[in-house]
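For reference, the structure is listed below as structure tokens.
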Amino acid sequence: MHLSLKNALMSGLLFSILTLANAQAHSLPKQFPEDNMIYRPGQDVGMAPYRAVSLYGTNQFALTYDDGPHATRTPKILDLLKEFGVTATFFVLTSQINETTRPIIERIVNEGHQLASHDQDHDDNNGETGPIYKSELSQSIVTLEGILAEMGVHQREMYYRFPYGAYGKARTYHHLNVMKEVSRELYGENCINFVFWDIDSSDWLPSITSEEVAQGVKAHMEGGTAYSFKAATVNGRRVWTKVSYQITKPLKGGVVLMHDIQEKTLSATRLILTEAKAKGWKVVPLNISKEFNYGNKECVLK
Ligand SMILES: [Zn+2]
25 MHLSLKNALM SGLLFSILTL ANAQAHSLPK QFPEDNMIYR PGQDVGMAPY
75 RAVSLYGTNQ FALTYDDGPH ATRTPKILDL LKEFGVTATF FVLTSQINET
125 TRPIIERIVN EGHQLASHDQ DHDDNNGETG PIYKSELSQS IVTLEGILAE
175 MGVHQREMYY RFPYGAYGKA RTYHHLNVMK EVSRELYGEN CINFVFWDID
225 SSDWLPSITS EEVAQGVKAH MEGGTAYSFK AATVNGRRVW TKVSYQITKP
275 LKGGVVLMHD IQEKTLSATR LILTEAKAKG WKVVPLNISK EFNYGNKECV
325 LK
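Residue numbers 25 to 326, in our numbering, belong to the letters of the sequence shown in order.
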């Protein structure tokens with residue numbers, strides 16, 4: 025009886041654990057490559073299914089910075105975020121980590137920000153062969169995990185952002201299948217969570233000002249004039265020009281894309297954070313949103 029009671033309790037417990045695990049597995053967002061899906065090159069593409077919809081209408085946004093670390097600009101962004109008491113995610117190019125920039129990577133982690141991969145270099149992955157993409161993705165993750173391990177930090181979330189947001193259009197393979205392979209080899213489970221964006225600040229545009237970058241982000245939160253860009257070929261050269269447009273139905277939340285290697289991004293960030301403070305908009309880390317939550321995953325490097 026004791027045994028059967030124990031069994032019953034155990035099976036009940038097991039049932040609860042399984043139910044919980046299932047519920048969490050089912051609620052896992054799409055930003056992880058799906059375990060049971062074989063992605064088709066050239067067909068399973070686009071950012072539309074991967075928006076951070078759970079942040080919409082919440083007056084909450086996540087700040088993300090790409091393309092660093094930059095020896096002088098990234099530290100200034102870190103100073104500013106500290107001043108405002110907020111955290112961000114830094115998608116770094118691991119080929120840019122060297123003796124000079126390594127302390128910046130450590131600052132990112134020590135000051136409570138999320139360290140994330142923007143790949144090894146900034147090549148468009150659609151132009152890379154499967155083995156090269158695989159090797160660079162793997163190398164990038166291993167580099168970041170190596171630094172975290174040396175610092176004695178376990179950061180469960182390993183976010184990845186495709187340079188140019190480009191993926192899925194290579195001819196012979198699909199990046200998300202490779203991502204699952206890399207993840208299985210490194211972690212034994214599906215642990216690399218890819219991130220696009222909802223609010224493009226266009227801060228990399230040569231002709232945009234800090235005020236316009238901040239205005240564009242503000243427009244996504246409450247409506248108004250925002251800025252985008254269009255490409256044209258002038259004298260045989262590809263030129264990107266600024267385009268303004270009106271937002272009448274603002275998202276009121278989402279993931280904001282910026283670049284810590286841009287000088288104007290520092291003053292734009294100050295304007296955005298000042299506005300956010302005045303309006304009561306909250307800056308949140310990525311992992312609080314449903315899309316970027318890790319559920320019951322452990323994600324420890326093998
Ligand atoms: Zn980039």
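We treat Cβ as the ideally placed atom computed from N, Cα and C, and that holds for glycine.
With respect to the alpha helix (DSSP H) encompassing F108, which residues constitute its N-terminal and C-terminal limits?
-> Position 84 of the sequence shown holds residue 108. Residues 97-108.
Verify whether the separation of the beta carbon atoms of S226 and F186 is less than 7 Å.
-> On the sequence shown, residue 226 is found 202 positions in, with the first residue counted as 1. On the sequence shown, residue 186 is found 162 positions in, with the first residue counted as 1. The beta carbons of S226 and F186 sit no closer together than 7 Å.
Closest by CA to E7, which one among S268, W264, R261, S207?
-> Outside the shown range of the chain (25 to 326) lies residue 7, about which nothing can therefore be said.
Compare the beta carbon distance of H283 and D103 with 7 Å and say whether it is the shorter of the two.
-> Residue mapping note: residue 283 aligns to position 259 of the sequence shown, counting from 1. Residue mapping note: residue 103 aligns to position 79 of the sequence shown, counting from 1. Not closer than 7 Å, so no.
Does the Cβ of P93 lie closer than 6 Å to at least one heavy atom of ligand 1?
-> The residue you call residue 93 lines up with position 69 of the sequence shown. No, since every heavy atom of ligand 1 falls outside the 6 Å radius drawn around the Cβ of P93.
Residues in its own chain within less than 6 Å of S51 by CB, not counting five upstream and five downstream?
-> Start at 1 with the first residue of the sequence shown, and residue 51 comes out as number 27. Low confidence applies to S51: its pLDDT is 45, below 50, so where it sits in the model is not reliable, and the reading given next is rough at best. None.
Per DSSP, A190 is paired with what?
-> In the sequence shown, the residue the question calls residue 190 occupies position 166. DSSP output for A190 lists no bridge partner at all.
In whole angstroms, what is the alpha-carbon distance linking L200 and Y63?
-> Counting from 1 along the sequence shown, the entry for residue 200 is found at position 176. Counting from 1 along the sequence shown, the entry for residue 63 is found at position 39. Straight-line Cα distance between these residues: approximately 7 Å.
With burial defined as no fewer than 16 other Cβ atoms inside 10 Å of the residue's Cβ, what is the status of A194: buried or exposed?
-> Translated into positions along the sequence shown, residue 194 becomes position 170. By the neighbour-count rule (16 or more Cβ atoms within 10 Å), A194 is buried.
Distance between F316 and T124 (C-alpha atoms, nearest Å) | Taking the first residue of the sequence shown as position 1, residue 124 is located at position 100. Taking the first residue of the sequence shown as position 1, residue 316 is located at position 292. For T124 and F316, the distance between alpha carbons rounds to 31 Å.
Kindly indicate which three-state DSSP category H94 falls into: helix, strand or coil?
-> Residue numbering aside, residue 94 sits at position 70 when the sequence shown is read from its first letter. The DSSP-derived three-state label of H94 is coil.
Measure the CB-CB distance between F336 and G278 and report whether it falls below 7 Å.
-> Coverage of the chain is limited to positions 25 through 326, which leaves residue 336 absent and any answer about it impossible.
Who does G278 pair with in a DSSP beta bridge?
-> Locating residue 278 in the sequence shown gives position 254, where the first residue counts as 1. Under the DSSP definition of a beta bridge, G278 partners with F85.
Please determine if the segment 215-226 and the segment 67-87 are in contact, where contact requires at least 3 C-beta pairs separated by less than 8 Å.
-> In this structure the segment 215-226 touches the segment 67-87; the number of beta carbon pairs closer than 8 Å is three or more.
With 16 other CB atoms within 10 Å as the buried threshold, where does Y188 fall?
-> As a first step, residue 188 must be located in the sequence shown, where it is residue number 164. Label assigned to Y188: exposed.
If you pair each beta-carbon of the segment 166-182 with each one of the segment 305-325, do three or more pairs fall below 8 Å?
-> Yes, they touch.
Whole-number beta carbon distance between S231 and K273, since they are thought to touch under 8 Å | Locating residue 273 in the sequence shown gives position 249, counting from the first residue. Locating residue 231 in the sequence shown gives position 207, counting from the first residue. Contact flag wrong, Cβ pair sits at about 26 Å.
What is the DSSP secondary structure of Q120, counted as helix, strand or coil?
-> Within the sequence shown, the letter at position 96 stands for residue 120. Here Q120 carries a helix assignment [DSSP, helix/strand/coil].
Mind reading off the beta-carbon distance from I216 to V206? Whole number of angstroms is fine, and I expect it under 8 Å.
-> Residue mapping note: residue 216 aligns to position 192 of the sequence shown, counting from 1. Residue mapping note: residue 206 aligns to position 182 of the sequence shown, counting from 1. Right, the Cβ-Cβ distance comes to about 7 Å (below 8 Å), so this counts as a contact.
Candidates D147, A300, A250, L168: closest to Q138 by CA position = Here residue 138 refers to the residue found at position 114 of the sequence shown. Of the listed residues, the one whose Cα sits closest to Q138 is L168.
For A45, which residues from the same chain have a beta carbon less than 8 Å from its beta carbon, with the 5 sequence-adjacent residues on both sides left out?
-> Working through the sequence shown from its first residue, we reach residue 45 at position 21. Unreliable placement is indicated for A45, whose pLDDT of 39 sits below 50; the coordinate value is still reported in the next sentence. So the list reads N320, once near-sequence residues are dropped.
Rounded separation between V116 and A302 - CA only | Locating residue 116 in the sequence shown gives position 92, where the first residue counts as 1. Locating residue 302 in the sequence shown gives position 278, where the first residue counts as 1. The alpha-carbon atoms of V116 and A302 are separated by roughly 30 Å.
DSSP three-state assignment for K321, whether helix, strand or coil | For the purposes of this step, residue 321 is taken as residue 297 along the sequence shown, with counting starting at 1. In the displayed model, K321 falls within coil according to three-state DSSP, outside both helix and strand.
Beta-bridge partners of W264, as assigned by DSSP = Within the sequence shown, the letter at position 240 stands for residue 264. Per DSSP, the beta-bridge partners of W264 are A255.
Can you give the Cα-Cα distance for T82 and T88, rounded to whole angstroms?
-> Counting from 1 along the sequence shown, the entry for residue 82 is found at position 58. Counting from 1 along the sequence shown, the entry for residue 88 is found at position 64. Those two C-alpha atoms are separated by around 18 Å.
Beta strand (DSSP E) segment containing L139, residue limits | Your numbering for residue 139 matches position 115 in the sequence shown. Boundaries of the beta strand (DSSP E) harbouring L139: 138-141, taken from the DSSP string.
Compute the minimum distance between the beta carbon of D90 and the heavy atoms of ligand 1, and state whether it is under 6 Å.
-> Along the sequence shown, one-based indexing puts residue 90 at 66. For ligand 1, at least one heavy atom lies less than 6 Å from the Cβ of D90.
Reducing DSSP to helix, strand and coil, say where I128 ends up.
-> Counting from one through the sequence shown, the residue named residue 128 turns up at place 104. It is helical.
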